[in-house]
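Structure first, then comments.
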Amino acid sequence: MTIAAAAPTAANTAARFSPRWLADQLQRYILHIVVIGLTVAWVVPTLGLLVSSIRPFSAQATSGWWTFFSNPTTFTLSNYTDVLSQSNLGQAFFNSFMIAVPATVLPVTIGAFAAYAFSWMRFPARNAIFLALVGLLAVPLQLTFIPILTFYVQNLHWTTDNLTATGIPGLPWVPLWLAHAGYGLPFSIYLLANFFRALPSDLFESAEIDGAGTLTVFFRIVMPLSVPAIASLVIFQFLWVWNDLLVALIYVGGAPEVAPLTVNLANLTNSLGQGSNLLTSAAFFSMIVPLIVFLSLQRYFVRGILAGSVKG
Amino acid sequence: MDFSVLLQDIPTLLVVIIGVPAILAAYIIGGEYLVRRLPDKNRPQVRPWLWVGPALFLVAAYLLLPAIFTIKQSFENNAGDWVGFNNFANQLGDFPNGGAWIAIRNNVIFWLIFYTLFTLVFGLALAVLFDRVRYEQVVKSLIFMPMAISSVALGLIWDFMYQYQPPGQAQTGTMNALVTTFLHHDPVTWLQDQWPAEGFNVLNNLALIGAATWGITGFAMVILSAALKGIPGELLEAARVDGAGELTVFRRVILPLMMPTVVVVGTTLVIFALKAFDVVYVMTSGGYNTDVLAFRMYKLLYSSYNLGGASSVAIILLIAVVPVLIFNLRQFRAVEARR
Numbered sequence: 018m019t020i021a022a023a024a025p026t027a028a029n030t031a032a033r034f035s036p037r038w039l040a041d042q043l044q045r046y047i048l049h050i051v052v053i054g055l056t057v058a059w060v061v062p063t064l065g066l067l068v069s070s071i072r073p074f075s076a077q078a079t080s081g082w083w084t085f086f087s088n089p090t091t092f093t094l095s096n097y098t099d100v101l102s103q104s105n106l107g108q109a110f111f112n113s114f115m116i117a118v119p120a121t122v123l124p125v126t127i128g129a130f131a132a133y134a135f136s137w138m139r140f141p142a143r144n145a146i147f148l149a150l151v152g153l154l155a156v157p158l159q160l161t162f163i164p165i166l167t168f169y170v171q172n173l174h175w176t177t178d179n180l181t182a183t184g185i186p187g188l189p190w191v192p193l194w195l196a197h198a199g200y201g202l203p204f205s206i207y208l209l210a211n212f213f214r215a216l217p218s219d220l221f222e223s224a225e226i227d228g229a230g231t232l233t234v235f236f237r238i239v240m241p242l243s244v245p246a247i248a249s250l251v252i253f254q255f256l257w258v259w260n261d262l263l264v265a266l267i268y269v270g271g272a273p274e275v276a277p278l279t280v281n282l283a284n285l286t287n288s289l290g291q292g293s294n295l296l297t298s299a300a301f302f303s304m305i306v307p308l309i310v311f312l313s314l315q316r317y318f319v320r321g322i323l324a325g326s327v328k329g
Numbered sequence: 006m007d008f009s010v011l012l013q014d015i016p017t018l019l020v021v022i023i024g025v026p027a028i029l030a031a032y033i034i035g036g037e038y039l040v041r042r043l044p045d046k047n048r049p050q051v052r053p054w055l056w057v058g059p060a061l062f063l064v065a066a067y068l069l070l071p072a073i074f075t076i077k078q079s080f081e082n083n084a085g086d087w088v089g090f091n092n093f094a095n096q097l098g099d100f101p102n103g104g105a106w107i108a109i110r111n112n113v114i115f116w117l118i119f120y121t122l123f124t125l126v127f128g129l130a131l132a133v134l135f136d137r138v139r140y141e142q143v144v145k146s147l148i149f150m151p152m153a154i155s156s157v158a159l160g161l162i163w164d165f166m167y168q169y170q171p172p173g174q175a176q177t178g179t180m181n182a183l184v185t186t187f188l189h190h191d192p193v194t195w196l197q198d199q200w201p202a203e204g205f206n207v208l209n210n211l212a213l214i215g216a217a218t219w220g221i222t223g224f225a226m227v228i229l230s231a232a233l234k235g236i237p238g239e240l241l242e243a244a245r246v247d248g249a250g251e252l253t254v255f256r257r258v259i260l261p262l263m264m265p266t267v268v269v270v271g272t273t274l275v276i277f278a279l280k281a282f283d284v285v286y287v288m289t290s291g292g293y294n295t296d297v298l299a300f301r302m303y304k305l306l307y308s309s310y311n312l313g314g315a316s317s318v319a320i321i322l323l324i325a326v327v328p329v330l331i332f333n334l335r336q337f338r339a340v341e342a343r344r
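Same order as they appear, the protein sequences are chains C and Y. Heads up: the first sequence is residues 18 to 329, going by the numbering used here. Heads up: the second sequence is residues 6 to 344, going by the numbering used here.
Below, the structure written as structure tokens:
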């Protein structure tokens, strides 16, 4: 991005060096300065943490991260090697995947089934149920934690210890998967139903005439046509679950065998104390996956947001 | 890092990557197989419930029923005995600094107003400014990037921004370096400072809100930018040809046309503001009068195991959200009516 990349403006016809021309040029420079200035201001917090994470602790404690640029020889990766050997980050990274993958697959798939029915099947109270789902989008999740947790612990005996003791792989995360599925479904159904409904009805009629069953229509026609909507939903839900702290904290807690990266990082903050050098590298470690997903699939992510998100 | 963990957990990996989709596929294929064996006239009655069934079950189990139980719980003590409005009285007595009042004030005044306002103003300004430069996509990505990182990481990033060293020492936090160098002011303890007055601590709440705003502005910007691109170019040209300055064009043409989108983004932000949790949890743990309702509920539940108290705080949160909820539903209906 260079200043030379000037934007076309409407009034660009004034003669060279006339007062009008000068004013236009000036305005254009101011625009670029403001745009670049704001962007730089936005990047500084992240940049500061990144630079801090490659400085030794002694330097971090006594001088600001910006001094690194005048003395770049202090570069070190020890913060990264230390945090990876000391904390359970490897395990937490694995746990985050174990949580995020099913917690994405479940609401997207089940949501797609439901959205298909809401868009192309008739059943009693269809619109009323759909409206209720939209209403549930805004309900604070906090409202649901206590009864679910009580039910999990008292009726199902689904505590992390009990579930781990069964030795069945993946079982300790089942409570969390189901919870994320329940919380993610209203948004998932809302987004997909809007997309499915916009598909041309001729498609369904001709498929029916050809004798295609519901399953064939769903898997061979609806799914392939909806790849963009499903992709944006998958990214949205994956990032949401990956970055979630509250739901994980409530349903699986901080036990290192099951806790995801966010919980691990929050625990590190509490145990090491804010300002510890290891936190900088740990924070960056936790950002790797979301940043890769985001940078490679940004287009779909933005599309998902534009599809009318009121999720939180 | 201990990579052996990845080898030990291969069964888990298989369960997750093969098992979960397999169960879902088996459900729908098996269900359809059964539906097809039904008599012709029953099929259309049964089939929709096969498809919406799991979704309705999960939503009922995880959102609807728990919400109803929480309402009931807020009138009970831990043993399940009816205590009337006692829980609410505990939370709402002692105005203005006791019970939940600080959390209510922070949520309903500070967060709701400043978080929504800052985000909308920044989002709108960035959308309009970026629309005029050719490198729009690059700068937009950079503003949007904080959306991809977790609020825990966001909290850490801002902890470093707000770091405090006593006056006279070299400041390590960016904000205090700016304050001491350019304003020649003593360094500020951003997250603890009670300015302007104890009990009306705007500054440290704004510090938290600023961090959250930084994270969410990209969201507002992207939606507002899409709405801006939807305004026909001829309309703006016509106004400029008529001699309207850029500010007038913005105020009289762009803003009115973008108002519906601003309202949608605004209501979404209001809901986010009322549900604020992560930033507070990571940065102050609700200390120094920065408590918010979601955090207070969490604390009552986990630190004090006060089920009734936690439920009543959740209900207070719900009551704050309901007007926005109704507004959203009306908007949704209006949009549906236009389809």
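The C-beta atom is built at its ideal place from N, Cα and C for all residues, glycine as well.
Counting C-beta neighbours from all protein chains within 10 Å, is the total for TRP87 of chain Y 16 or more, i.e. buried, or is it exposed? Taking the second sequence and counting its residues from 1, the one referred to as residue 87 of chain Y is at position 82. Flag for TRP87 of chain Y reads exposed.
Where the alpha helix (DSSP H) through GLN170 of chain Y begins and ends: Against the second sequence, residue 170 of chain Y aligns to sequence position 165. Careful: GLN170 of chain Y lies outside any alpha helix (DSSP H) and carries neither H nor E.
What residues match up with ALA202 of chain Y in a beta bridge as DSSP calls it? By 1-based counting over the second sequence, the position of residue 202 of chain Y is 197. Paired residues: Y:PHE205.
Interface residues of chain Y around HIS49 of chain C at Cβ under 8 Å? Position 32 of the first sequence holds residue 49 of chain C. Here the neighbours are VAL138.
Let me confirm a value: TYR38 of chain Y is counted as buried when at least 16 other C-beta atoms fall within 10 Å, else exposed. Which label applies? Position 33 of the second sequence, counted from the first residue, corresponds to residue 38 of chain Y. That one is exposed.
Cβ of ASN260 of chain C less than 8 Å from any chain Y Cβ? Position 243 of the first sequence, counted from the start, is the residue given in the question as residue 260 of chain C. Yes, because at least one Cβ of chain Y sits closer than 8 Å to the Cβ of ASN260 of chain C.
Buried or exposed for ALA246 of chain C, going by 16 or more other Cβ atoms inside 10 Å? By 1-based counting over the first sequence, the position of residue 246 of chain C is 229. With 16 or more other Cβ atoms within 10 Å, it is buried.
Can you tell me whether DSSP reads GLU81 of chain Y as helix, strand or coil? Against the second sequence, residue 81 of chain Y aligns to sequence position 76. Strand.
Would you call the segment 73 to 91 of chain Y and the segment 328 to 335 of chain Y in contact, with 3 or more CB pairs under 8 Å? no
Same chain only: Cβ atoms within 6 Å of ALA210 of chain C, ignoring 5 sequence neighbours per side: The residue given as residue 210 of chain C occupies position 193 in the first sequence. Result list for ALA210 of chain C: ALA132, PHE135, SER136, in chain order.
GLN177 of chain C vs VAL275 of chain C beta-carbon contact at 8 Å: Numbered from its first residue, the first sequence carries residue 177 of chain C at position 160. Numbered from its first residue, the first sequence carries residue 275 of chain C at position 258. What sits at residue 177 of chain C in the sequence shown is Thr, not Gln. Closer than 8 Å, so yes.
What does the alpha-carbon distance come out to for the pair ALA31 of chain C and LEU282 of chain C? One-based indexing of the first sequence puts residue 31 of chain C at position 14. One-based indexing of the first sequence puts residue 282 of chain C at position 265. Rounded to whole angstroms, ALA31 of chain C to LEU282 of chain C spans 58 Å at the Cα level.
Could you have a look at TRP175 of chain C and say whether DSSP puts it in helix, strand or coil? The residue you call residue 175 of chain C lines up with position 158 of the first sequence. DSSP places TRP175 of chain C in coil when its eight states are reduced to three.
Quick check on DSSP: helix, strand or coil for TRP195 of chain Y? Working through the second sequence from its first residue, we reach residue 195 of chain Y at position 190. TRP195 of chain Y falls in the coil class under three-state DSSP.
Between the segment 217 to 250 of chain Y and chain C, which residues of the former have CB atoms less than 9 Å from a CB of the latter, in chain order? Within the segment 217 to 250 of chain Y, the qualifying residues are TRP219, THR222, GLY223, PHE224, VAL227, ILE228, ALA231, LEU241, GLU242, ARG245, VAL246.
Contacts around SER230 of chain Y, its chain only, beta-carbon distance under 6 Å, and the 5 residues preceding and following it disregarded: Stepping through the second sequence from its first residue, residue 230 of chain Y is reached at position 225. Cβ neighbours of SER230 of chain Y beyond the five flanking positions: ALA132.
Buried or exposed, going by whether 16 or more other CB atoms sit within 10 Å of the CB of ARG42 of chain Y? Here residue 42 of chain Y is taken as the residue at index 37 of the second sequence, counted from 1. Exposed.
Determine, using beta carbons only, whether MET302 of chain Y comes closer than 8 Å to chain C. As a position in the second sequence, residue 302 of chain Y is number 297, starting the count at 1. It does: the Cβ of MET302 of chain Y has a partner Cβ on chain C nearer than 8 Å.
The segment 105 to 120 of chain Y touching the segment 263 to 283 of chain Y, judged by at least three CB pairs closer than 8 Å: yes
Contact criterion: CB-CB distance below 8 Å. Does VAL269 of chain C meet it with respect to chain Y? If you number the first sequence from 1, residue 269 of chain C lands on position 252. False, the Cβ-Cβ gap to chain Y never drops below 8 Å.
Any beta carbon from chain C within less than 8 Å of ASP198 of chain Y's own beta carbon? Walking along the second sequence from the start, residue 198 of chain Y turns up at place 193. No, ASP198 of chain Y lies away from the interface with chain C (no Cβ there is under 8 Å from its Cβ).
The segment 66 to 77 of chain Y touching the segment 307 to 321 of chain Y, judged by at least three CB pairs closer than 8 Å: Between the segment 66 to 77 of chain Y and the segment 307 to 321 of chain Y there are three or more C-beta pairs closer than 8 Å, enough to call the two in contact.
Is there a C-beta anywhere in chain D that falls below 8 Å from the one on MET304 of chain C? Structure shown: chain D not included; protein chains present are C and Y.
Find the nearest neighbour of SER218 of chain C within the set C:THR183, C:PHE204, C:MET138, judged by alpha-carbon distance. Locating residue 218 of chain C in the first sequence gives position 201, where the first residue counts as 1. Among C:THR183, C:PHE204, C:MET138, the Cα nearest to that of SER218 of chain C is on C:MET138.
CB contact flag (LEU312 of chain Y, ASN102 of chain Y, <8 Å): Counted from its first residue, the second sequence places residue 312 of chain Y at position 307. Counted from its first residue, the second sequence places residue 102 of chain Y at position 97. Their beta carbons are not under 8 Å apart, which means LEU312 of chain Y does not touch ASN102 of chain Y by this criterion.
List, from N- to C-terminal side, the alpha helix (DSSP H) runs of 4 residues or more that fit wholly inside the segment 66 to 126 of chain Y. 70 to 78, 91 to 97, 106 to 110
Who are the Cβ neighbours of TYR32 of chain Y in its own chain at under 8 Å, not counting the five residues just before and after it? Residue 32 of chain Y sits at position 27 when you count from the first residue of the second sequence. Cβ neighbours of TYR32 of chain Y beyond the five flanking positions: PRO59.
Report the three-state DSSP secondary structure of HIS49 of chain C (helix, strand or coil). Taking the first sequence and counting its residues from 1, one reaches residue 49 of chain C at position 32. Helix at HIS49 of chain C.
Cβ-based neighbour list, ILE11 of chain C, same chain, cut-off 7 Å, excluding 5 preceding and 5 following: This structure cannot speak to residue 11 of chain C, because chain C is shown only from 18 to 329.
Output, in sequence order along the chain, the residues in the segment 56 to 84 of chain C whose CB is closer than 8 Å to any CB in chain Y. THR56, TRP59, VAL60, VAL61, PRO62, THR63, GLY65, LEU66, SER69, GLN77, ALA78, THR79, SER80, GLY81, TRP82, TRP83
What first and last residue would you give for the alpha helix (DSSP H) that runs through ALA244 of chain Y? Stepping through the second sequence from its first residue, residue 244 of chain Y is reached at position 239. Element bounds for ALA244 of chain Y: 238 to 246.
For the segment 162 to 171 of chain Y against the segment 189 to 199 of chain Y, are there 3 or more C-beta pairs whose distance is under 8 Å? yes
Buried versus exposed call for TYR120 of chain Y [16 or more other C-beta atoms within 10 Å across all chains shown]: Taking the second sequence and counting its residues from 1, the one referred to as residue 120 of chain Y is at position 115. Burial call: buried.
Ranges of the alpha helix (DSSP H) found wholly within the segment 67 to 148 of chain C, counting only runs of at least 4: 74 to 79, 95 to 103, 106 to 137
With a threshold of 16 other CB atoms inside 10 Å of the CB of ALA28 of chain C, please say whether the residue is buried or exposed. Residue mapping note: residue 28 of chain C aligns to position 11 of the first sequence, counting from 1. Note on ALA28 of chain C: pLDDT 46, under 50, position unreliable in the model; the coordinate value appears next. By the neighbour-count rule (16 or more Cβ atoms within 10 Å), ALA28 of chain C is not buried but exposed.
Under 8 Å between the Cβ atoms of LEU193 of chain C and VAL264 of chain C? Residue numbering aside, residue 193 of chain C sits at position 176 when the first sequence is read from its first letter. Residue numbering aside, residue 264 of chain C sits at position 247 when the first sequence is read from its first letter. Their beta carbons are under 8 Å apart, which means LEU193 of chain C touches VAL264 of chain C by this criterion.
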